[in-house]
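> Dropping a structure here in structure tokens format, bear with me for questions.
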Ligand code: HEM
Ligand code: SF4
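Chains as they are written, first to last, in the working numbering: chain A, 1127 to 1224; chain B, 25 to 567.
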């Protein structure tokens, strides 16, 4: 599946496109098919997100899993500061990242 | 230490207000990210993997306790309770909100700090010897010269858009504690045969994807021509540096491609021309700066400690360094607890270090490029009291310059450019050696880890270096041996094919085994490597 991510303009937090809005949980991410570019342009122009981009992910039993390790680190937070994890970490556990 | 005059303060305050307006215009949608990005970068605000990141300049790594306290307060108030000290003696916050950025800069300005020129293709924070003013082996304190260069390079209109970033280090001892020859310009303050003090210039060093050791291009520049000579070096670079290719834009490539001789010839020509124009600041300015760095009022006292507590004795042996006054030492506070994150300190730890500096070190602290903190002037008589407080705050690790004193860049845990994580390797390696008890036996062993070819973790200069690479979407690590950033500077060589995480941790153990087996009396790891060469290490790793 193709999903969208970016950072919140004000807070800088990592966010994921859930079809209507930007969510803090990667597991809310929806498949945008080939609409990615269009949604990104509109959302960026509306300042609802900063520096967004499209990426490939897969839907697994544990939820949505980005294909690249960098995006999985973005989804959960630094692997070395598990105390600061994005709340979805409890769902997936850290093995999910690596 | 240096105190802002009214011009310094007015410039920094004006910049804060300018940025406040820029950030507001971005939040209001009057600026696009493309328009805003260069403006935020000029104020040290990056967008990283998880959030905005703010890099704060710490000129030549020197801080007073008020400043360190403010850094700790900012960590708690605006970030998640910690900050990261870097190899360029700066501090980075990882979780900054754009909404707060201008307020943070205002808080910094109140203690004479800022984030200006910590990004972009300009002259960056000038680094120096972390024992400056305290070292027993220095000719003079290099910091007044670093400060003069800081003033010259701040907002220098001609050098705001260089071909690429530009880093300068200034030292004044034969022992190089600032990786001087791995900088774009390395300056060593020296004495000539006539007994006059001047500066040796080394130009075109650097790490990154094409590491180079800077050649000396001038043995002696009189001190009253120092800035003019630096200006000439920059001018030639600004004119001929490769603006067409980001990867070839650093001055090291220019000096390499043009040849040191031809580059020097052009610098000398430009220098002669600039001398006629009189661009050198008046000596009075240097004389104004110098008293800020005058020695504090040292007092005579005991010259040795009570060694009955072995833990304390070990810390004294490992983490304190000879001072120019024999009743004092420089004490190193390790930010490398076993299994910890190299260079991270909590807000509480920063405030505690500030308090201890005030109490025991004439109000002064230094950031080391190895991501530790120095209290430069501690009375030997106060060491036990100091150590007791450090121990209680998890700041008393006795591991300076050992295999546990690892430099690691943020890597894939924080950095958008990374291929692999660096910090977990540092954590596991320090745990390993703490557990197997070999840290002491191995003696001086500098291990440095970068998460990608940009080499922020100085892996090229590690006795043992580790570089994270991407192997078909998984983390992989290249091992290298034989680097040094000290006065015996050299670049490390790659051992061979890379390893996965477990593999590279095992490989580090293997190379230390080879060393212990082969070493002769008094040899450090690096000395043994230089004597026996790569082959025995390769055989042990790959056969
Ligand atoms: C996480 C944000 C960071 C980013 C995006 C970043 C980016 C870069 C890049 C692109 C280079 C290569 C530049 C070139 O050769 O032209 C570089 C070099 C370097 N960076 Fe970083 N860096 C980051 C963090 C750090 C940290 C935390 C440190 C200190 C621990 C650091 C210290 C250095 C040093 C020492 C060099 C190499 C020296 C040189 O050749 O100039 N950087 N960085
Ligand atoms: S070396 Fe690479 S991974 Fe590490 S901080 Fe620098 S740019 Fe990031």
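Just so it is clear, CB atoms sit at the ideal spot from N, CA and C, and this is done for glycine as well.
How is residue 388 (chain B) classed by DSSP in three states: helix, strand or coil?
As a first step, residue 388 (chain B) must be located in the second chain, where it is residue number 364. Here residue 388 (chain B) sits in strand by DSSP.
> Starting from the C-beta of residue 1162 (chain A), find all residues in its chain whose C-beta is less than 7 Å away, skip the five residues before and the five after it, and write them out in chain order.
Here the question's residue 1162 (chain A) lines up with position 36 in the first chain. Excluding sequence neighbours, residue 1162 (chain A) sits near 1128, 1130 and 1180.
> Would DSSP call residue 227 (chain B) helix, strand or coil?
Here the question's residue 227 (chain B) lines up with position 203 in the second chain. It is a strand residue.
> Indicate whether residue 79 (chain B) and residue 68 (chain B) have their beta-carbon atoms separated by less than 8 Å.
The count along the second chain starts at 1 and reaches residue 79 (chain B) at position 55. The count along the second chain starts at 1 and reaches residue 68 (chain B) at position 44. Taking 8 Å as the Cβ cut-off, residue 79 (chain B) and residue 68 (chain B) qualify as a contacting pair.
> Specify, as a first and last residue, the run of the beta strand (DSSP E) that residue 528 (chain B) falls within.
The sequence position of residue 528 (chain B) within the second chain is 504, counting from 1. Not the beta strand (DSSP E): residue 528 (chain B) falls in the alpha helix (DSSP H), residues 525 to 542.
> Could you spell out the range, first to last residue, of the beta strand (DSSP E) harbouring residue 189 (chain B)?
Translated into positions along the second chain, residue 189 (chain B) becomes position 165. No beta strand (DSSP E) holds residue 189 (chain B); DSSP gives it neither H nor E.
> Tell me the rounded alpha-carbon separation between residue 486 (chain B) and residue 287 (chain B).
Locating residue 486 (chain B) in the second chain gives position 462, where the first residue counts as 1. Locating residue 287 (chain B) in the second chain gives position 263, where the first residue counts as 1. Answer to the nearest angstrom: the Cα atoms are 29 Å apart.
> For residue 1151 (chain A), which beta-bridge partners are listed by DSSP?
In the first chain, counting from the first residue as 1, residue 1151 (chain A) sits at position 25. Paired residue(s): none; residue 1151 (chain A) is not in a bridge.
> Checking the sheet assignment: what are the DSSP bridge partners for residue 152 (chain B)?
Against the second chain, residue 152 (chain B) aligns to sequence position 128. For residue 152 (chain B), which the question treats as bridged, DSSP gives the partners B:194.
> Distance cutoff 8 Å, beta carbons only. Does residue 451 (chain B) sit that close to anything in chain A?
On the second chain, residue 451 (chain B) is found 427 positions in, with the first residue counted as 1. Answer yes: the Cβ-Cβ gap between residue 451 (chain B) and chain A drops below 8 Å somewhere.
> Looking at the structure shown, is residue 1174 (chain A) part of a helix, part of a strand, or coil, going by DSSP?
As a working mapping, residue 1174 (chain A) is identified with position 48 in the first chain. Of the three classes helix, strand and coil, the one that applies to residue 1174 (chain A) here is coil, per DSSP.
> Can you tell which of B:435, B:357, B:484 and B:353 has the C-alpha that lies nearest to the C-alpha of residue 494 (chain B)?
Locating residue 494 (chain B) in the second chain gives position 470, where the first residue counts as 1. For residue 494 (chain B), the nearest C-alpha among the options comes from B:435.
> Going by other Cβ atoms of all chains shown within 10 Å of its Cβ, with 16 needed for buried, is residue 1176 (chain A) buried or exposed?
Numbered from 1 along the first chain, position 50 holds the residue referred to as residue 1176 (chain A). With 16 or more Cβ atoms within 10 Å of its Cβ, residue 1176 (chain A) is classed as buried.
> Taking only the alpha-carbon atoms, compute the straight-line gap between residue 32 (chain B) and residue 209 (chain B) and give it to the nearest angstrom.
Taking the second chain and counting its residues from 1, one reaches residue 32 (chain B) at position 8. Taking the second chain and counting its residues from 1, one reaches residue 209 (chain B) at position 185. Rounded to whole angstroms, residue 32 (chain B) to residue 209 (chain B) spans 24 Å at the Cα level.
> Give the DSSP-derived three-state secondary structure of residue 200 (chain B) in the structure shown.
Indexing the second chain from 1 puts residue 200 (chain B) at position 176. Coil at residue 200 (chain B), not helix or strand.
> According to DSSP, is residue 507 (chain B) part of a helix, a strand, or is it coil?
Numbered from 1 along the second chain, position 483 holds the residue referred to as residue 507 (chain B). Coil at residue 507 (chain B), not helix or strand.
> Is the separation between the beta-carbon of residue 313 (chain B) and that of residue 168 (chain B) shorter than 8 Å?
Stepping through the second chain from its first residue, residue 313 (chain B) is reached at position 289. Stepping through the second chain from its first residue, residue 168 (chain B) is reached at position 144. Yes, the pair counts as a contact, with Cβ atoms nearer than the cut-off.
> Is it true that the CB of residue 520 (chain B) sits closer than 8 Å to the CB of residue 565 (chain B)?
Against the second chain, residue 565 (chain B) aligns to sequence position 541. Against the second chain, residue 520 (chain B) aligns to sequence position 496. Yes.
> Residues in the segment 98 to 127 of chain B with C-beta within 7 Å of chain A's C-beta atoms, listed in sequence order?
Against chain A - using a Cβ distance shorter than 7 Å - the residues of the segment 98 to 127 of chain B are 104, 120, 121, 122 and 123.
> Using the rule of at least 16 other Cβ atoms within 10 Å of the residue's Cβ for burial, across every protein chain shown, is residue 301 (chain B) buried or exposed?
Position 277 of the second chain, counted from the first residue, corresponds to residue 301 (chain B). Classification of residue 301 (chain B): exposed, given that the 10 Å Cβ count is below 16.
> Spell out a yes or no on whether the segment 400 to 414 of chain B and the segment 342 to 354 of chain B are touching, meaning 3 or more CB-CB pairs, one atom from each, closer than 8 Å.
Because the criterion of three Cβ pairs below 8 Å is met, the segment 400 to 414 of chain B and the segment 342 to 354 of chain B touch.
> Flag this pair as yes or no: are the beta carbons of residue 164 (chain B) and residue 221 (chain B) separated by less than 8 Å?
For the purposes of this step, residue 164 (chain B) is taken as the residue at position 140 of the second chain. For the purposes of this step, residue 221 (chain B) is taken as the residue at position 197 of the second chain. Against a cut-off of 8 Å, the Cβ pair of residue 221 (chain B) and residue 164 (chain B) comes out as a contact.
> In terms of alpha-carbon separation, which member of B:471, B:87 and B:279 lies closest to residue 398 (chain B)?
Within the second chain, numbered from 1, the residue matching residue 398 (chain B) stands at position 374. Checked all of B:471, B:87 and B:279; the closest Cα to residue 398 (chain B) is B:87.
> In terms of alpha-carbon separation, which member of A:1141, A:1173, A:1188 and A:1140 lies closest to residue 1222 (chain A)?
For the purposes of this step, residue 1222 (chain A) is taken as residue 96 along the first chain, with counting starting at 1. The shortest C-alpha separation from residue 1222 (chain A) is found at A:1188.
> Ordered along the chain, which non-local residues of its own chain (more than five positions away) have a Cβ less than 7 Å from that of residue 1183 (chain A)?
Start at 1 with the first residue of the first chain, and residue 1183 (chain A) comes out as number 57. Excluding residues within five positions, the ones whose Cβ falls inside 7 Å are 1127, 1129, 1155, 1190, 1191, 1192 and 1193.
> If you check the beta carbons only, do residue 65 (chain B) and residue 143 (chain B) fall under 8 Å apart?
Translated into the one-based positions of the second chain, residue 65 (chain B) becomes position 41. Translated into the one-based positions of the second chain, residue 143 (chain B) becomes position 119. Yes, the Cβ-Cβ distance between residue 65 (chain B) and residue 143 (chain B) is below 8 Å.
> Between the alpha carbons of residue 294 (chain B) and residue 260 (chain B), how many angstroms are there, rounded?
Here the question's residue 294 (chain B) lines up with position 270 in the second chain. Here the question's residue 260 (chain B) lines up with position 236 in the second chain. Taking the straight line joining both Cα atoms gives about 8 Å.
> Comparing the CB of residue 441 (chain B) with every heavy atom of the ligand SF4, is any distance shorter than 7 Å?
Reading the second chain from its first residue, position 417 is the one you call residue 441 (chain B). Yes, Cβ of residue 441 (chain B) sits closer than 7 Å to a heavy atom of the ligand SF4.
> With respect to the alpha helix (DSSP H) encompassing residue 131 (chain B), which residues constitute its N-terminal and C-terminal limits?
Mapped onto the second chain, residue 131 (chain B) falls at position 107. Residues 122 to 134.
> Would you say residue 1162 (chain A) reaches chain B, if we count a Cβ-Cβ gap shorter than 8 Å as a contact?
Within the first chain, the letter at position 36 stands for residue 1162 (chain A). With 8 Å as the cut-off, residue 1162 (chain A) does not count as an interface residue toward chain B.
> Rounded to whole angstroms, what is the Cα-Cα separation between residue 1145 (chain A) and residue 1165 (chain A)?
The count along the first chain starts at 1 and reaches residue 1145 (chain A) at position 19. The count along the first chain starts at 1 and reaches residue 1165 (chain A) at position 39. Whole-angstrom Cα-Cα distance: 9 Å.
> Determine, for residue 501 (chain B), whether the minimum Cβ-Cβ distance to residues of chain A falls below 8 Å.
Stepping through the second chain from its first residue, residue 501 (chain B) is reached at position 477. No, because no Cβ of chain A sits closer than 8 Å to the Cβ of residue 501 (chain B).
> Quick one: is residue 445 (chain B) near chain A, going by C-beta distance under 8 Å?
The residue given as residue 445 (chain B) occupies position 421 in the second chain. Yes, residue 445 (chain B) counts as interfacial toward chain A.
> Can you grab the Cα-Cα spacing for the pair residue 542 (chain B) / residue 534 (chain B), in whole Å?
Against the second chain, residue 542 (chain B) aligns to sequence position 518. Against the second chain, residue 534 (chain B) aligns to sequence position 510. The alpha-carbon atoms of residue 542 (chain B) and residue 534 (chain B) are separated by roughly 13 Å.
> When DSSP builds the beta bridges, which residues end up paired with residue 69 (chain B)?
Taking the second chain and counting its residues from 1, the one referred to as residue 69 (chain B) is at position 45. Its beta-bridge partners are B:78.
> Could you check whether residue 152 (chain B) and residue 94 (chain B) sit closer than 8 Å to each other, using their CB atoms as the reference points?
The count along the second chain starts at 1 and reaches residue 94 (chain B) at position 70. The count along the second chain starts at 1 and reaches residue 152 (chain B) at position 128. No. Outside cutoff.
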